[in-house]
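End of the sequence shown = 72 in numbering that gives the first Met the number 0, gap-free, step of one. For every residue, glycine included, the Cβ atom is placed at its ideal position computed from N, Cα and C. For reference, the structure is listed below as structure tokens.
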Amino acid sequence: MQSFRCYFLDDRDRIADATMVEALDLADAVRRCRALLNGDDRRGRFHGIEIWQGVIRLYTDESLAEPALLVPS
Numbered sequence: 000m001q002s003f004r005c006y007f008l009d010d011r012d013r014i015a016d017a018t019m020v021e022a023l024d025l026a027d028a029v030r031r032c033r034a035l036l037n038g039d040d041r042r043g044r045f046h047g048i049e050i051w052q053g054v055i056r057l058y059t060d061e062s063l064a065e066p067a068l069l070v071p072s
């Protein structure tokens, strides 16, 4: 497992919340962060996510949070 930091973006694309995620790879981290984004605690509060590993930004999704969106693998 690898550690990733998932940042939740507000409607101005600014970091509004963050959490650490343990995942097999980046695709798994994206799935886990999208699930957190659409979970009861965060649904409707955030605009998108960024996933970082250390000082490297690996992934950005600034689309509106919707459960029906597919995550690239």
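Secondary structure of V20 (DSSP, three-state): strand.
Counting along the chain, D60 sits inside the beta strand (DSSP E) bounded by residues 55-60. Looking at the backbone, the Cα of A22 and that of R41 are separated by about 20 Å. A Cβ-Cβ contact shorter than 8 Å links W51 with R4. Taken atom to atom, the span from the alpha-carbon of V29 to that of Y58 is near 8 Å.
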